[in-house]
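Residue numbers (full-length UniProt numbering): 1 to 734.
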């Protein structure tokens, strides 16, 4: 019997069995569970099951060759999908919050609004039920104001706009030069600055070894935000210096008595001590017998001593790695004490020294980290300066190590925040560093890049922070989480605010308003949260984030004519922010500036609301010292207004709310002496403190009925000409 010939198939082997060369693109987890995989890397099923880090693909081998089945496009689409999912969840949470607020004020007018709120896929329709749009005639003032909030705050803090006060420029930018106390006047010197310097020098010279150890310990404790120096090497040098009996006077003196290298070391030591002073707790300050006045004097004195040690060490003539480490810490301290102009000058010098020492070519990872730290500062910081380097020139420079092991299972937490800062600086420098080249497309790309970075950062924090790391503390991860979260949200707020210059009224409220509102509230809520201790909130850029978010919410209330209940919620948060600003022991210029700006915006909001309700003229800031007769008159007007409002129709009730005795603005209820149930709350308690802001000579417009008047007044507050007068009266805030 003739055997049948085995069929031959094209592409088969000798056995006649067909062997497919198709790549198996399903991930290992989905293949084992026999479920459909969407072929993404990582796939959505693994992401939903919180196993994205373990989502792997089987290797494909064809004819003895390993086929690379990774697809960068799929990875990009996966990240974009995750970003969109996160954005949808944010919008859902925001809608639910707004729904709760709306239902607390007035019930929905139709069933359609309820359906819009419940339907997560119809987010574009929420504008009809939730947002009160700006009239088209006022949209230009609104968009131009919110898009320039950060720029106005920055310029107002750096210089004074009035030509008559240019002689106060040093006071506006270098608050570390002045002291609150007058005890320095007793020092024997020719001029006031010399007396101030000798007084600070005497205070620093009296610091004991135990106090130095405590301050150094606190400074090193939070140094992992900027992993640029070897702690063990410094502590060895530090202990040898204090144990050296040949050095009688350990501190800096009036005269040159130490080698240049010793002064460079002392500059770094004093900068760590100054940073540690800001992180001292109440118990530690009491233990070392450091009063509030000493905190102010020591912080400014240590900062001044650091600068003096750098000069005495001839840091330009003898470039040293300690110099660069000191300038890295001076960036933080300059933001505390307002030395913006000084730091910009030192920063230019630091880049020169770093290139002279060839840090970018060094094999020491700490030196490369130091160079990366300077680069990210240069690409991100736009306060009265321009970038000095081009990111394209350093594309080949290796980044700091993200992982401690080859398998990439243990994160290097010491470099985590530095890596985040590098990515953040690249986004800003690439898309919206130069305001003259802004476009809607660039801002949209920046928004997407920030959301992708947000997903990646939160994924790492959620995945790896639960594991036990021998070289990492819970406090370190907590600080990194707080700073990265605040940084991301405030940049999303800024980018979406700048989009208003390129969008119409309806388009911006549909696309960007919820992001701005949610981001601003998140920054403030995290700052007010008890989850993070007070020493994590003192950093200048954190205070800048909170100030910018508070200013946005207050300006939004001013320009959109929101109801009083909504305004009260915003002002309540603002008062809580001010209470924390006032709780700082050491001088923080950003907190003083934030107190000043937020307080004036609250007053403007109160004036505007009172003008709209009672049709009275708006007083200047100096006219707020009400007498008892004014208080009783206002109280009677409030009662009459309440009776008239009760007769109004229910449709106008939301826009024309009455001001009863218990609903009066906190400003009036505190100053006028009118009884209020909230007088014992945090808001009313702190107002007595923040109300010490000195009056300004410029009066607000007599009427704020025009939107342009409000816009001009807001910008006058942000770029305020009374800032120099305020700095002269800093003693009144103590």
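For glycine and all other residues, C-beta sits at the position ideal for the given N, C-alpha and C. It should be emphasised that the depicted structure is a prediction, and the values quoted were computed from it without experimental measurement.
{"Asked": "Between the CA atoms of residue 718 and residue 489 - distance to the nearest angstrom", "Found": "21 Å"}
{"Asked": "Burial state of residue 491, where buried means 16 or more other Cβ atoms lie within 10 Å", "Found": "buried"}
{"Asked": "First and last residue of the uninterrupted alpha helix (DSSP H) at residue 403", "Found": "Per DSSP, residue 403 belongs to no alpha helix (DSSP H) and is neither H nor E."}
{"Asked": "Residue nearest to residue 546 in terms of C-alpha spacing, selected from 530, 501 and 525", "Found": "525"}
{"Asked": "Burial state of residue 403, where buried means 16 or more other Cβ atoms lie within 10 Å", "Found": "exposed"}
{"Asked": "Beta-carbon contacts of residue 805 that lie in its chain and below 6 Å, excluding the five residues immediately before and after", "Found": "Look at the range of the chain in this structure, 1 to 734, and you will see that residue 805 is not part of it."}
{"Asked": "Interface flag, residue 454 vs chain B, CB-CB below 8 Å", "Found": "Checking the listed chains, one finds no chain B in this structure; it contains a single protein chain."}
{"Asked": "Residue 306 versus residue 266: straight-line alpha-carbon distance, rounded", "Found": "8 Å"}
{"Asked": "Of the listed residues 208, 572 and 310, nearest to residue 325 (C-alpha basis)", "Found": "310"}
{"Asked": "Cut-off 8 Å between Cβ atoms - residues of its own chain near residue 387, not counting five sequence neighbours on either side", "Found": "378, 379, 429 and 433"}
{"Asked": "For residue 375, the residue or residues it bridges with in DSSP", "Found": "Per DSSP, none; premise fails for residue 375."}
{"Asked": "Cβ neighbours of residue 227 in the same chain (closer than 7 Å, five flanking residues each side left out)", "Found": "369, 414, 415 and 418"}
{"Asked": "Close Cβ partners of residue 460 (< 8 Å) along its chain, the five nearest in sequence each way excluded", "Found": "411 and 416"}
{"Asked": "Contact the region 228 to 242 vs the region 293 to 304: 3+ CB pairs below 8 Å", "Found": "no"}
{"Asked": "Contacting residues, own chain, Cβ-Cβ under 7 Å from residue 107 (five flanking each side not counted)", "Found": "Any reading at residue 107 must be qualified, since the residue scores a pLDDT of 36, below 50, and its modelled position is unreliable; no value is offered."}
{"Asked": "N- and C-terminal bounds of the alpha helix (DSSP H) containing residue 309", "Found": "292 to 312"}
{"Asked": "Which residues DSSP lists as bridging residue 411, in chain order", "Found": "403"}
{"Asked": "Minimum C-alpha distance to residue 316 - residue among 335, 329, 357 and 289", "Found": "357"}
{"Asked": "Three-way DSSP call (helix, strand, coil) for residue 27 in this model", "Found": "strand"}
{"Asked": "C-beta atoms of residue 343 and residue 329 nearer than 8 Å", "Found": "no"}
{"Asked": "Among 549, 302 and 242, the one whose alpha carbon lies nearest that of residue 203", "Found": "302"}
{"Asked": "Identity of the residue in 548, 475, 571 and 34 nearest residue 516 by Cα", "Found": "548"}
{"Asked": "Beta-carbon gap between residue 574 and residue 598 smaller than 8 Å", "Found": "yes"}
{"Asked": "Proximal residues to residue 280 (C-beta, below 7 Å), its chain only, five neighbours per side dropped", "Found": "218"}
{"Asked": "Length of the line joining the Cα atoms of residue 275 and residue 566", "Found": "39 Å"}
{"Asked": "Cβ-based neighbour list, residue 550, same chain, cut-off 6 Å, excluding 5 preceding and 5 following", "Found": "574, 577 and 598"}
{"Asked": "C-alpha distance - residue 221 paired with residue 533, whole-angstrom precision", "Found": "14 Å"}
{"Asked": "Anticipated Cβ contact below 8 Å, residue 555 with residue 149, distance rounded", "Found": "7 Å"}
{"Asked": "Own chain, CB closer than 6 Å to residue 783, minus 5 neighbours either side, in chain order", "Found": "A question about residue 783 goes unanswered here, because the residues of the chain that appear run from 1 up to 734."}
{"Asked": "Residue 318, buried or exposed, once every other Cβ within 10 Å from all chains shown has been counted against 16", "Found": "exposed"}
{"Asked": "Beta-carbon gap between residue 205 and residue 251 smaller than 8 Å", "Found": "yes"}
{"Asked": "Outcome for residue 143 when other beta-carbon atoms lying within 10 angstroms are tallied against a minimum of 16", "Found": "buried"}
{"Asked": "CB-CB length for residue 443 against residue 523, believed under 8 Å", "Found": "About 19 Å; that fails the 8 Å criterion."}
{"Asked": "Residues of its chain near residue 464, where Cβ-Cβ distance is below 7 Å and the 5 sequence neighbours each way are ignored", "Found": "411"}
{"Asked": "Helix, strand or coil at residue 512 according to DSSP, with G and I counted as helix", "Found": "coil"}
{"Asked": "Residue 556, enclosing alpha helix (DSSP H) - first and last residue", "Found": "540 to 560"}
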